[in-house]
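Please read the structure below before turning to the comments.
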Amino acid sequence: MNEATPLPFDEPPSSRPTRRVFTVAELTADIRTKLESSYPEIWVEGEVSNARIWKTGHLYFTLKDASAQLNGVMFRSAVRLLRFKPTNGQHVVARGRLSVYEPKGEYQIVCEHLEPQGLGALQLAFEQLRERLSHEGLFDEKRKRPLPALPRKIGVVTSLDGAALRDVLNILGRRYPNAHIVIGPARVQGIGAADEIVRGLKLVGRVPEIDVIILTRGGGSIEDLWAFNEEPVARAIVAAPVPVVSAVGHETDYTISDFVSDLRAPTPSAAAELVVERKDEIASRIQRSEDTLRALLRAGLQRRRTTVHLLERRPGLAGWPARLASRGRYAAELTHRLNDATTSMVGHRLREMHTLRLRLEAVDLGRRLGRIRGRLIAARERLAHSVREARGRREARLRTAAGRLEALSPLAVLARGYAVCWNAERTMVVRSASVVQPGESVTVTLHEGELDCEVKSTK
Amino acid sequence: MTKPEEPNIKDFESALSELESLVKTLEDGTLSLEQSLELFERGVQLSRYCHTRLERAERRIEILSEQGDVTPAPASLTDPVGDADERSR
Numbered sequence: 062m063n064e065a066t067p068l069p070f071d072e073p074p075s076s077r078p079t080r081r082v083f084t085v086a087e088l089t090a091d092i093r094t095k096l097e098s099s100y101p102e103i104w105v106e107g108e109v110s111n112a113r114i115w116k117t118g119h120l121y122f123t124l125k126d127a128s129a130q131l132n133g134v135m136f137r138s139a140v141r142l143l144r145f146k147p148t149n150g151q152h153v154v155a156r157g158r159l160s161v162y163e164p165k166g167e168y169q170i171v172c173e174h175l176e177p178q179g180l181g182a183l184q185l186a187f188e189q190l191r192e193r194l195s196h197e198g199l200f201d202e203k204r205k206r207p208l209p210a211l212p213r214k215i216g217v218v219t220s221l222d223g224a225a226l227r228d229v230l231n232i233l234g235r236r237y238p239n240a241h242i243v244i245g246p247a248r249v250q251g252i253g254a255a256d257e258i259v260r261g262l263k264l265v266g267r268v269p270e271i272d273v274i275i276l277t278r279g280g281g282s283i284e285d286l287w288a289f290n291e292e293p294v295a296r297a298i299v300a301a302p303v304p305v306v307s308a309v310g311h312e313t314d315y316t317i318s319d320f321v322s323d324l325r326a327p328t329p330s331a332a333a334e335l336v337v338e339r340k341d342e343i344a345s346r347i348q349r350s351e352d353t354l355r356a357l358l359r360a361g362l363q364r365r366r367t368t369v370h371l372l373e374r375r376p377g378l379a380g381w382p383a384r385l386a387s388r389g390r391y392a393a394e395l396t397h398r399l400n401d402a403t404t405s406m407v408g409h410r411l412r413e414m415h416t417l418r419l420r421l422e423a424v425d426l427g428r429r430l431g432r433i434r435g436r437l438i439a440a441r442e443r444l445a446h447s448v449r450e451a452r453g454r455r456e457a458r459l460r461t462a463a464g465r466l467e468a469l470s471p472l473a474v475l476a477r478g479y480a481v482c483w484n485a486e487r488t489m490v491v492r493s494a495s496v497v498q499p500g501e502s503v504t505v506t507l508h509e510g511e512l513d514c515e516v517k518s519t520k
Numbered sequence: 002m003t004k005p006e007e008p009n010i011k012d013f014e015s016a017l018s019e020l021e022s023l024v025k026t027l028e029d030g031t032l033s034l035e036q037s038l039e040l041f042e043r044g045v046q047l048s049r050y051c052h053t054r055l056e057r058a059e060r061r062i063e064i065l066s067e068q069g070d071v072t073p074a075p076a077s078l079t080d081p082v083g084d085a086d087e088r089s090r
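First to last, the protein sequences are chains A and B. Read left to right, the first sequence gives residues 62 to 520 (our numbering). Read left to right, the second sequence gives residues 2 to 90 (our numbering).
Following this line, the structure appears as structure tokens:
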């Protein structure tokens, strides 16, 4: 090597132009120093290949493009902060410094941060976690628990000073004024938020009588909402002992929490509306059921009174329900036949008339027209008359049948002073005097109200 | 844990659904008088229970500490502000 040849780096010019021999180590160390000081922080983009994480937790990979490649390493501490998993073929931008791995004489980028090109890093992390949890079946509909109709206590995990909490409390207070609410405070954004949310869910889940938990946060950027996309939060939701309603961000924001929770609500207010029905609505629902119940019982008693009445009036009337039914069928049959007969008769007459008209056209019109017209008119009248008559006859028969049916109906003979008599325990209807003893008390249910009676004697 | 006073009612939810299915059964009207009366009495019992449950809880807002202790929420949280009214409707 000759004295004029400079080293390929910016070494200060040597004052003594003598031959300088480096050891490999010296040279490598020198190169390393120069590289490191020239490229203390660079951004470089390329495609990931040969990515592998060693047992030590460090990530090794190669960045390449069409004509060159660069080895890269990312130490465990930096790998832990990655929100996505670098995979081969991914286009990334790496931030780091250049350095030299002396034992191999290789230069490489020591990577502090990686971010995927195209999809944002958070977006990618979101997709990856969503896919993984979905694969585990955590989003399955059949995993989702139904919300209780009336939660004894309602848990809320959110920030104490957020608008979300205020909205939830407002709505709950309005819909169900005597709601018992237990708040598990948690910061909902920033470093450590996920841990606090996990803790909040655990604490609230342990409170006795909590029947449902609202996990909520108001709107914000994807970074603000990020804690709700973290795996520990998702796992804590799955592990919660009671159903979790997730309401994170605005209506258009979807987080992993939303997917994994038992129910997603579009907003904090909506979550509050979902966990408890309006109190007045539940109350009137209960009242309606009770009213129906009373009305049904009253109708049932009435029906039975009538039956008793009817049976008493017609002793020896065995199998009356069957007869009643057959009357009903008979009436229906009559109606049907009446309709059938009318229809077919009209059809028949129309056909006759048609034939007549054909015959009429076939003959000498001039000579026979008058007579035929007369017959035609008469025929038409007969037709109308017989249709009327047949219908009248059948309607009369139907009326008769319906009248008889009516007379037989138990509904037509509503109770007049008939009563049901119960034994004292109300377990049995007293149908025979022989089942009670003098001195025993019985209850008598009347059309309106009841009587408590004591049996004087039995006959 | 305060358990409901009715030993044969599991919880509000089952009471409500039992009440509603009971009404359906009675509507079918194929029961004997004794059975209907039994159902009716059960129905009234369920309805009372539901009403009681609905009224029993009293408005309370509590905050959990890190240790899991419960303290009443400050008034600033429990007094609703008017502006949120109807906002979410």
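Even for Gly, the Cβ is constructed at its ideal location relative to N, Cα and C. Since this is a predicted model, take the numbers as computed values, not measurements.
- Closest in C-alpha terms to Ala90 (chain A), from the list A:Arg113, A:Val229, A:Leu437, A:Lys165, comes A:Lys165.
- Distance from the CA atom of Arg410 (chain A) to the CA atom of Leu444 (chain A), rounded to whole angstroms, is 6 Å.
- Identification of chain A residues near Ala74 (chain B) by a Cβ-Cβ cut-off of 9 Å yields Leu221, Leu230, Ile242, Ile244, ordered along the chain.
- Inter-residue distance for Arg460 (chain A) and Arg449 (chain A) is about 16 Å (C-alpha atoms, whole angstroms).
- In the pairwise beta carbon analysis, the region 209-220 of chain A is classified as touching the region 258-277 of chain A: at least three pairs are separated by under 8 Å.
- The continuous alpha helix (DSSP H) containing Glu28 (chain B) extends over residues 13-29.
- In this structure, B:Glu35 is the residue among B:Glu35, B:Ala58, B:Pro73 with its C-alpha nearest to the C-alpha of Glu486 (chain A).
- Contact with chain B is absent for Ser345 (chain A), since none of that chain's Cβ atoms lies less than 8 Å from the residue's Cβ.
- Proximity to Ile298 (chain A) across A:Glu108, A:Arg452, A:Ala127, A:Val321 peaks at A:Val321, based on C-alpha coordinates.
- Residue environment analysis places Phe187 (chain A) among the buried positions, since at least 16 neighbouring C-beta atoms fall within 10 angstroms of its C-beta.
- Beta-bridge partners of Leu512 (chain A) (DSSP): A:Val505.
- Judged by their CB atoms, His119 (chain A) and Arg137 (chain A) are nearer to each other than the 8 Å cut-off.
- The C-alpha of Arg43 (chain B) lies about 48 Å from the C-alpha of Val249 (chain A).
- With a threshold of 8 Å between beta carbons, Ile10 (chain B) makes no contact with chain A.
- Distance from the CA atom of Ser345 (chain A) to the CA atom of Leu208 (chain A), rounded to whole angstroms, is 20 Å.
- Going by DSSP, Arg158 (chain A) is part of the beta strand (DSSP E) stretching over 152-162.
- Distance between Leu358 (chain A) and Glu39 (chain B), taken at the CA atoms: about 10 Å.
- The continuous beta strand (DSSP E) containing Thr123 (chain A) extends over residues 120-125.
- In this structure, DSSP gives Tyr391 (chain A) a helical state, which the three-state scheme calls helix.
- A contact is defined here as three or more CB-CB pairs under 8 Å, and the region 272-279 of chain A meets this definition with respect to the region 332-339 of chain A.
- The continuous beta strand (DSSP E) containing Thr72 (chain B) extends over residues 71-73.
- Close to chain B, meaning a Cβ-Cβ distance shorter than 9 Å, are the following residues of the region 331-358 of chain A: Ala331, Ala333, Glu334, Lys340, Ile343, Ala344, Arg346, Ile347, Gln348, Arg349, Ser350, Glu351, Thr353, Leu354, Arg355, Leu357, Leu358.
- Counting only the Cα atoms, Ala247 (chain A) lies some 22 Å from Glu312 (chain A).
- Pro177 (chain A) is positioned such that its CB atom lies closer than 8 Å to that of Leu185 (chain A).
- Within chain B, no C-beta atom comes less than 8 Å from the C-beta of Arg236 (chain A); the nearest is roughly 11 Å away.
- For Arg296 (chain A), no Cβ of chain B is located within less than 8 Å of the residue's own Cβ.
- When Cβ pairs closer than 8 Å are counted between the two stretches, the region 53-66 of chain B is seen to touch the region 229-242 of chain A, the count reaching three or more.
- For the pair Arg156 (chain A) and Lys340 (chain A), the Cα-to-Cα distance works out to about 58 Å.
- Neighbourhood of Arg365 (chain A) in chain B, by CB distance below 9 Å: Leu34, in chain order.
- Residue contact check for Asn239 (chain A) against chain B: a CB pair falls below 8 Å.
- Counting every other CB atom within 10 Å of its CB across the protein chains shown gives Gln130 (chain A) a total below 16, marking it as exposed.
- Closer than 8 Å to the CB of Ala210 (chain A) there is at least one CB belonging to chain B.
- Looking at the backbone, the Cα of Ile170 (chain A) and that of Asp314 (chain A) are separated by about 37 Å.
- Annotation: the continuous alpha helix (DSSP H) that includes Glu334 (chain A) extends over 329-336.
- Contact of Val490 (chain A) with chain B by beta-carbon distance below 8 Å involves Leu34, Glu35.
- At a cut-off of 8 Å between beta-carbon atoms, Gly361 (chain A) makes contact with chain B.
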